[in-house]
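Letter 169 of the sequence shown, counting from 1, is numbered 153 in the working numbering, and no numbers are missing. For glycine and all other residues, C-beta sits at the position ideal for the given N, C-alpha and C. All values derive from a computational prediction rather than experimental measurement. Let me begin by presenting the structure, written as structure tokens, before commenting on it.
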Amino acid sequence: MKLDRRGFVKFLVGGVVGTMLSPIPWKLTDDIAIWTQNWPWVPNPPNGANSFKNTISPFRGDGIGVSVRLIDQKRAVTLSGVPDNPINQGGMSCIDLSGVQYHYNQAVRVKSPMVFRDGAFHAISWEEATGLFIGKLKEIRDQGTPEKVALVDGSGPGTMKDLLGRFMACYGSPNYMSMPNASDTEAQILKLMYGAGGTMGYDLENADFIISFGCGLLEGWGSQRTLLAYKDWRQEGNRGKTTLIQVAANASTTSSKADQWVAIAPGAEGAFALGLAHVILKENLGNLGALTGRAFGLGSGVDSQAMSFSGFRDLVLEEYGPDKVTQVTGVSPEKIQDLARRFAKAKSPLALPGRGKGTMPGGLYEFMAVHSLNALVGAVNRSGGVGPVMSPPLTSWPEPALDSVAEKGLRNARIDGAGSRYPFSSSLLHQFADVVAEAPKSPVEMLVVYKSNPAHNAPSSKEFNRARSKVPFVVSFSSFWDETTKNANLVMPNHSFLERWEDGTTPAGVPFPTYVLGAPVLPPLFDTRPTADVILETTKALGGSIATSFPWKSYEDLLKFRVAGIAASQQGVVSVPGSLAEQQPRGFSSAGDLWSSLTENGCWYDPSQRIGKTATGFNTPSGKFEFYCNGISEGLRQAGLDPKRLNVSVQGEAVCMAHFEPAEVEGDPQRYPLLMAPEELAYVFEGEVPSSPYMTKIWPDTLLKGNTLVIHINPEDAHNQHLYEGDPVMIESLKGSAEVRVHLFNGVRPGTVSMAEGFGHTGFDGYIRDKGANTRDMTTVASDALSGMPLWWGTRVKLTKV
């Protein structure tokens, strides 16, 4: 047979097809798989008896209950949600599901205390580590300068946060700081408009018309209850029960799943809220019955400083008509009017302030505008509305003992200016970084960092790192080799969350009080110690009034002391298997009964204190909800501050009421014509830890291409700059630059680019290290005019084709 080219190709194809149709390749593949499984270095975890223990996940700070599946009670293999925890009801986020990876990943865990000497880290004993830590604290305090110690805390609300704050106060330093968060702004709103403490709660489940001003409800805003509420809205039979309107500059998952997306100019959310308020007031659509006798400053009056004012109604009717608001927001007058009418006529309308996952503080006046809008429609302290949620009735901390050194140190103003230059804030990490970085000599001799990674996650990480490099002694309590820990002088690693006691109070947005407790599930894997116990040991070593203020022998003893307050109150119920479905959820008979239930099941809550179920008063100067905030006029007077010094754009009575503050974004628009908006995604995490190895497997090519981050740009802007899908470009701001690729997306507003957060790590392991670029290395951080809180929702950038 003559074998020409055509015959050869037929033979080759026939052979391949015939081989594929035979069992030979499949049998060989199976044999190879079996063979490779028997290589001596391939892990082969032994079988064993299954058991389960409950604890809480600390990563998002929302107190969700997790059940740990154990093999022979000593090896954790999976995490799942606890169905009877009212915060998550069995639900879990991507990072919570990955918790076991962070426990066992030796590449990212700090395995023992470490000291940085002679250009490298060296393992040391705990005796040497605590000796160095305590010795440095004693040295600074003996010099009479305890204010030269600063602490950055990334923990959520709970006993650990209180413990660290109390330690700093008793030591004598006012420089306790937390990582920025939207809850910082909410705390000021609670104080100024509601006269309350606790947390701000939103009753999403019972609302029927929700306007979200940029909140990433499906990306991770609030707690897991947010996703549960959304699931309920969209279940068969409930469709149409709740209308969701997303007001945001760019399309997001929440925007795409909302009933309506209102595309708005970046930073104009406050003006839009006031435009809606204008229509409601002008057309008398407000719930006046809910406001009668319960609101201050809607009309004219006299404030607590005996100054007369015209009131919120006159300000809004004069300054925020739909035509004016259109010029700021880019939303048509007709759309503003239609949305305002639908919102006001709903049975249970609710407006939500904030952006993304809630990790960024908001403008104080912007949040005031949204809460004023809620008050106009009667949503305050109403089922399906918003209001203060009281703190759980934990045992109060005893009055601290302060010696003369502590009293002297606490009389110093905070380095960040919170409470002095900025009386309406409690912590300003970006201001701290600016002051230390610009000082000829660092005002801080020792910086302590707990459960946070400001070297990567601070609003402007470059400024923080400039400041950190000037501090002589940096101590990290991290369990992981993050960017901050890699640049520390002393590392005292904490236990992992499966090895330590952990608790938390009501997370952001939950509409009733909660308290969660997690007990250790496993013994320590490495030579680590719980940070809380290290702090308590330190107080004993420092002695005097500091030791007196911390009488507890261990963190477990302290937690029992706190929990006893709930038992004594006889309020609330505990979550035990089946309790969420019970008509009468279970209470508890004693402190021991409560403690046993919490260590086994993890959660106490009080549904009787849910928003709308109890009559809540307003502990403001007027005793009412305040459209006109007496607290602002009083705070400015006590601090001796002129609003002009704070760069507030208005004068007179408007300073004390919600109004639109145009944000000044740094940079020349001619040189940097685009606005970079950082984007927080549901499947990318940034906090104490970054995204887990499991999470990297679900990232699309439109997020990360190889190791290069992909930014999203409107096709119109791409056309103007001659850019095409996948083009490599250099994105540059005043602060930094990075090489990225472009993805054309109509969901991005013209004039802006969307850049995902959570990348650009130089710490941790190869799954996340050196992938993409860190937006925080590029952001230009603005300060809110009144509170001084950091705002980084927009940074001017330019793109250059590579």
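Drop a sphere of 10 angstroms on the beta-carbon of G281, count the other beta-carbons inside from all chains shown, and report buried for 16 or more, exposed for fewer. It is buried - the Cβ of G281 has at least 16 other Cβ atoms within 10 Å.
So, does the stretch 99 to 106 touch the stretch 614 to 627, judging by three or more C-beta pairs under 8 Å? Under the three-pair Cβ rule at 8 Å, the stretch 99 to 106 does not count as touching the stretch 614 to 627.
Taking the alpha-carbon of S356 as reference, which of T379, S411, G295 and D187 has the nearest alpha-carbon? Of T379, S411, G295 and D187, the residue nearest in Cα terms is G295.
Report all residues from its chain with a CB closer than 6 Å to the CB of S633; omit the five preceding and five following residues, and keep chain order. E645, listed in sequence order.
Going by other Cβ atoms of all chains shown within 10 Å of its Cβ, with 16 needed for buried, is H414 buried or exposed? So H414 counts as buried.
For H745, collect the residues of the same chain with a Cβ closer than 6 Å to its Cβ; drop the 5 residues on either side in sequence, then sort them by chain order. Excluding the 5 residues flanking it on each side, H745 has same chain C-beta neighbours closer than 6 Å at P674, I752 and R753, in chain order.
Can you check DSSP and say which residues form a bridge with L697? For the record, residue 697 in the displayed sequence is Ile; it is not Leu. Answer is L728 and V737.
Look at the Cβ atom of G83, then the Cβ atom of G75, and state whether they are nearer than 8 Å. The criterion of a C-beta distance shorter than 8 Å is not satisfied by G83 and G75.
So, at 6 Å on beta carbons, what are the nonlocal neighbours of M4 in its own chain, with the 5 sequence-adjacent residues on each side left out? Any reading at M4 is ruled out, since the residue's pLDDT is 48, under 50, leaving its predicted position unreliable.
Is the stretch 421 to 434 close to the stretch 127 to 145, with three or more CB pairs under 8 Å? As far as the Cβ criterion goes, the stretch 421 to 434 touches the stretch 127 to 145, which means the pair count is three or higher.
S444 beta carbon less than 8 Å from that of K782: Against a cut-off of 8 Å, the Cβ pair of S444 and K782 comes out as no contact.
Counting C-beta neighbours from all protein chains within 10 Å, is the total for G624 16 or more, i.e. buried, or is it exposed? When all chains shown are included, G624 counts as exposed.
Y499 versus F602, T469 and M374, residue with shortest Cα-Cα distance: Selected option, being the one with the closest Cα: M374.
Looking only at its chain, what residues have a beta carbon closer than 7 Å to the beta carbon of R297, apart from the 5 residues adjacent to it on each side? The beta carbon of R297 sits closer than 7 Å to those of L265, L282 and G283, all from its chain and outside the five residues before and after it, given in chain order.
Which residue from A503, P377 and A252 puts its Cα closest to that of I550? That would be P377, whose Cα lies nearest to the Cα of I550.
When the Cβ atoms of the stretch 721 to 740 are set against those of the stretch 693 to 712, are three or more pairs found closer than 8 Å? Contact between the stretch 721 to 740 and the stretch 693 to 712 is established, with three or more Cβ pairs separated by less than 8 Å.
Under a three-way DSSP split, which group does L275 fall into? Helix.
Simplified DSSP state of K308, which is helix, strand or coil: The three-state reading of DSSP puts K308 in helix, counting H, G and I together.
I think A279 touches A330, with their Cβ atoms under 8 Å apart; what is that distance to the nearest whole Å? Rounded, the Cβ-Cβ distance is 20 Å, inconsistent with contact.
Run through the stretch 232 to 288 for me and flag every whole alpha helix (DSSP H) of 4 or more residues, listed as ranges in chain order. Counting only runs of 4 or more, we get 237 to 241, 253 to 266 and 272 to 275.
Straight-line CA distance for L506 to E584? Between the alpha carbons of L506 and E584 lies a distance of about 14 Å.
Does the structure place the stretch 153 to 168 close enough to the stretch 376 to 396 that three or more beta carbon pairs sit under 8 Å? In short, these stretches touch, since the Cβ pair count reaches three.
Pick helix, strand or coil for T226, following the three-state DSSP scheme. Correct three-state label for T226: coil.
Enumerate in chain order the residues of its own chain whose CB-to-CB distance from V(-3) is below 8 Å, with the five nearest sequence positions on each side excluded. For V(-3), the predicted structure reports a pLDDT of 49, less than 50, and the residue's modelled location is therefore unreliable. A value from the coordinates is still provided. Here the set comprises nothing.
Segment contact, 8 Å Cβ cut-off, at least three pairs: the stretch 475 to 491 with the stretch 440 to 455: Touching, no, given that fewer than three Cβ pairs across the two stretches are closer than 8 Å.
Can you grab the Cα-Cα spacing for the pair G198 / A575, in whole Å? Looking at the two C-alpha atoms, the distance is approximately 43 Å.
Kindly confirm or deny that the stretch 338 to 355 and the stretch 200 to 213 touch, where touching means at least three C-beta pairs closer than 8 Å. Touching, yes.
Is there a Cβ of chain B sitting closer than 8 Å to that of M184, yes or no? Among the protein chains of the structure shown there is no chain B, as only one such chain exists.
Please report how far the alpha carbon of F117 lies from the alpha carbon of P424, in whole angstroms. Roughly 26 Å separates the two Cα atoms.
I need the DSSP call for Y539, collapsed to helix, strand or coil. The answer is helix: DSSP assigns Y539 an H, G or I state.
In chain order, which beta strand (DSSP E) runs of at least 3 residues are fully inside the stretch 83 to 114? Segments of the beta strand (DSSP E) lying fully in the stretch 83 to 114: 98 to 101 and 104 to 107.
Between Q208 and F669, what straight-line distance do the alpha-carbon atoms span, to the nearest angstrom? Approximately 15 Å between the Cα atoms of the pair.
Can you give the Cα-Cα distance for I682 and T62, rounded to whole angstroms? Each residue's alpha carbon lies about 19 Å from the other.
H643, DSSP secondary structure in three states: Residue state, collapsed to three classes: coil.
When you compare the CB positions of G556 and W588, do they come within less than 8 Å of one another, or not? Against a cut-off of 8 Å, the Cβ pair of W588 and G556 comes out as a contact.
From the DSSP output, in three-state form, read off K689 for me. Under the three-state reduction of DSSP output, K689 falls in the strand class.
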